[in-house]
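Notes for the one structure printed next.
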Amino acid sequence: MNNAILKNKMLNAAKWSSITEITVKIIAPFTNMVLARILAPEAFGIVATVTMITSFADMFTDAGFQKYLVQHEFRDNKEKYKNANVAFLTNLFLSFLIWGIIVSFSERIAILIGNPGLGIVISVSCLQLPITAFSSIQMALYRREFDFKTLFLVRVISIFIPVLITIPLALLGFSYWSLIIGNIFMTLSNAIFLTIKSKWKPKLFFRLKILKEMLSFSIWSLIEAISIWLTIWIDTFIIASALSEHYLGIYKTSTTMVNALMATVTASIVPVLFSTLSRLQNNNEEFNKTFFQMQRLVSILVFPMGVGVFLFSDLATRILLGSQWTEAGRVIGIWALTSAIVIVLSHFCSEVFRAKGKPRLSFLAQMLHLIVLVPVCIISSKFGFWALVYARSWVRLQGVLVDFLLMYFVIKFPIFKSITNILPTATAALLMGVFGYILKQLNDSVVWDSLSISFCIFFYFGILYIYPVTRKEINVVMNKLFPSRFRKSS
22 MNNAILKNKM
32 LNAAKWSSIT
42 EITVKIIAPF
52 TNMVLARILA
62 PEAFGIVATV
72 TMITSFADMF
82 TDAGFQKYLV
92 QHEFRDNKEK
102 YKNANVAFLT
112 NLFLSFLIWG
122 IIVSFSERIA
132 ILIGNPGLGI
142 VISVSCLQLP
152 ITAFSSIQMA
162 LYRREFDFKT
172 LFLVRVISIF
182 IPVLITIPLA
192 LLGFSYWSLI
202 IGNIFMTLSN
212 AIFLTIKSKW
222 KPKLFFRLKI
232 LKEMLSFSIW
242 SLIEAISIWL
252 TIWIDTFIIA
262 SALSEHYLGI
272 YKTSTTMVNA
282 LMATVTASIV
292 PVLFSTLSRL
302 QNNNEEFNKT
312 FFQMQRLVSI
322 LVFPMGVGVF
332 LFSDLATRIL
342 LGSQWTEAGR
352 VIGIWALTSA
362 IVIVLSHFCS
372 EVFRAKGKPR
382 LSFLAQMLHL
392 IVLVPVCIIS
402 SKFGFWALVY
412 ARSWVRLQGV
422 LVDFLLMYFV
432 IKFPIFKSIT
442 NILPTATAAL
452 LMGVFGYILK
462 QLNDSVVWDS
472 LSISFCIFFY
482 FGILYIYPVT
492 RKEINVVMNK
502 LFPSRFRKSS
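Each residue of the sequence shown is one higher than the one before, counting from 22 in our numbering.
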């Protein structure tokens, strides 16, 4: 594919992906604000425990085929659709098999994760597994073709499900069941819409030879996904086992809220980045150039978000969650700060490993991180909830170091340029943090905090405009990703 055409596809995909995430993040906070005031933290803790199981099972039903379909170079559409059919039938078979195993041992699983009596809840929640099999392959094909406009429509439709189903059920007293039923209907709406819109339709076609070829790549993607799952959920398992559903609800709701905020940027960029890098995997110059452009773009937005949420976490908690979640403020603040660092310096490394067809490197990175992460979580949990929160947040930086070493020595990537690439945005965010801290000392009212946030935003972008590189980057974003009036002025 011509580089100019690929760049246009990337920018158009990034535009629709960004519109998707902005739309979702406008609607989703409303839902969360309402639910947080209806349901107790314990309900969110139960759902977090159940989600831990469903997300683990879902990895096996996908078996890494999504990434294979995006990354692999096919001769033509016929070959691509044959691979899609084999992946779909394998997913569907595995999903029913795993769902049956979970239903058979649901109560034992509930006891294992420290929540006896949740067997029926786990069984019902895993109904999502076979439903997901109908949408995961289509989603991969859309991403491969940079068709994020269709994915935008899917997300917009599904985001209204909580408003129509989850909130009414919560008001009727269904507690955690309202969240679980809402999640099932969201998965179902995605499957129906994607199946209807997709050019590819499932057929009864299967070749063992194709499956073996896909597994040669996908098995490492699956192993990598398991290691990522452990990294994401090990803290949840420890809190569920060692502490209480109340603390689990506080912790998981706080970290999920921060992750959702950061996903306003990352969820619109990362899928596009992976699809683009996969097409450029054999052109190192363009590959590296694209990586640095996307990294700097993300840092422009993510760094100030992380620092800002850290400074004004109490205000964010009062607005989004309400008075019964006051403990969440500290969790939200420290998780946002470390997330900003990890996203910019580490998350993109995993996309490089996969785009280069080396998912085993991502697996190795996760395992080297887990060697440190698991003991830190176990030991810190013995000193209480807050010791675990701060230890878990800061130990993520060890994962950044691991990714750097693998990028430098194995991929031969100019990792030091990666640091200088984001130095202007990091400096501006740090200065904004100092400026914001000084403003907070002047007054502690909600009105003043709100004004201070506005001052910090202007201060941050004012500093960025001092740097020619970031000034150009901001102008490119405004020209390419937003309304036409910006294009006309260029």
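C-beta: ideal position from N, C-alpha, C; glycine also.
**Report entry** Pairwise C-alpha distance: L366 and W356
**Finding:** 15 Å
Query raised in the report: Hey, which unbroken runs of the alpha helix (DSSP H) at 4 residues or more fall wholly within the segment 400-429?
Result: As for any alpha helix (DSSP H) of minimum length 4 sitting wholly inside the segment 400-429, the runs are 406-415, ordered along the chain.
Report task. Note down, in chain order, each residue of its chain lying with its Cβ closer than 6 Å to the Cβ of F434, except the 5 sequence neighbours on either side. Result -> M428
Query raised in the report: CB-CB under 6 Å to S199, same chain, minus the five flanking residues each way: which ones, in chain order?
Result: T187, L190, A191
Query raised in the report: Is DSSP giving A131 helix, strand or coil here?
Result: Three-state result, A131: helix.
**Report entry** Proximity winner among L225, S248, W407, I59, relative to F114 (alpha-carbon distances)
**Finding:** Taking F114 as reference, the option from L225, S248, W407, I59 with the minimal CA-CA separation is L225.
Query raised in the report: What is the rounded straight-line gap between the Cα of N305 and the Cα of I271?
Result: 44 Å
Requested in this report: Measuring alpha carbon to alpha carbon, tell me which of W221, W346, F167, D97 ends up nearest F155.
Outcome: W221
Report task. Report back the beta-carbon spacing between L269 and A281 to the nearest angstrom; my notes put them in contact at under 8 Å. Result -> About 18 Å separates the two Cβ atoms, so there is no contact after all.
Requested in this report: Note down the Cα distance separating F374 from F295, rounded to an integer number of angstroms.
Outcome: 10 Å
Query raised in the report: Quick one: any contact between the segment 479-499 and the segment 312-328, if contact means 3 or more CB pairs under 8 Å?
Result: Cβ pair count under 8 Å is three or more, so yes.
Query - Buried versus exposed call for K509 [16 or more other C-beta atoms within 10 Å across all chains shown] - result: In this prediction, K509 has a pLDDT of 45, which is less than 50 and means its spatial position is unreliable; what the coordinates show is noted afterwards. Exposed, by the Cβ-count rule.
Query raised in the report: Assuming L232 contacts V107 under a Cβ cut-off of 8 Å, what Cβ separation, rounded to an integer in Å, is found between them?
Result: 5 Å
Query raised in the report: Beta-carbon separation of A131 and G140 under 8 Å?
Result: yes
Query raised in the report: With distances taken between CB atoms, is the gap from L6 to G457 smaller than 8 Å?
Result: An answer regarding residue 6 cannot be provided, because it is not within the stretch 22 to 511 covered by the chain.
Query raised in the report: Quick one: what's got a C-beta closer than 7 Å to G135's C-beta in the same chain, skipping five residues either side?
Result: A261, S262
Query - Selection from L341, E128, T311 that minimises the alpha carbon distance to I59 - result: Minimum Cα distance to I59 is reached at L341.
Query raised in the report: Which class does Q302 belong to by DSSP, given the choice of helix, strand or coil?
Result: Note: Q302 maps to coil in three-state DSSP.
Query raised in the report: Just the Cα atoms here: how many angstroms apart are V397 and N496?
Result: 43 Å
Query raised in the report: Rounded C-beta distance between F95 and K88? I'm assuming under 8 Å.
Result: The C-beta distance from F95 to K88 rounds to 14 Å, too long to fall under 8 Å, and the pair is not in contact.
Query raised in the report: Is D256 buried or exposed, if buried means 16 or more other CB atoms sit within 10 Å of its CB?
Result: Buried: at least 16 other Cβ atoms inside 10 Å.
Query raised in the report: So which of P325, A450, E128, L472 has the shortest CA-CA distance to L460?
Result: L472
Query raised in the report: What number of angstroms, rounded off, separates the C-alpha of F437 from the C-alpha of D424?
Result: Take the alpha-carbon of F437 and the one of D424: they are about 13 Å apart.
Query - Contacts around L148, its chain only, beta-carbon distance under 8 Å, and the 5 residues preceding and following it disregarded - result: W120, I205
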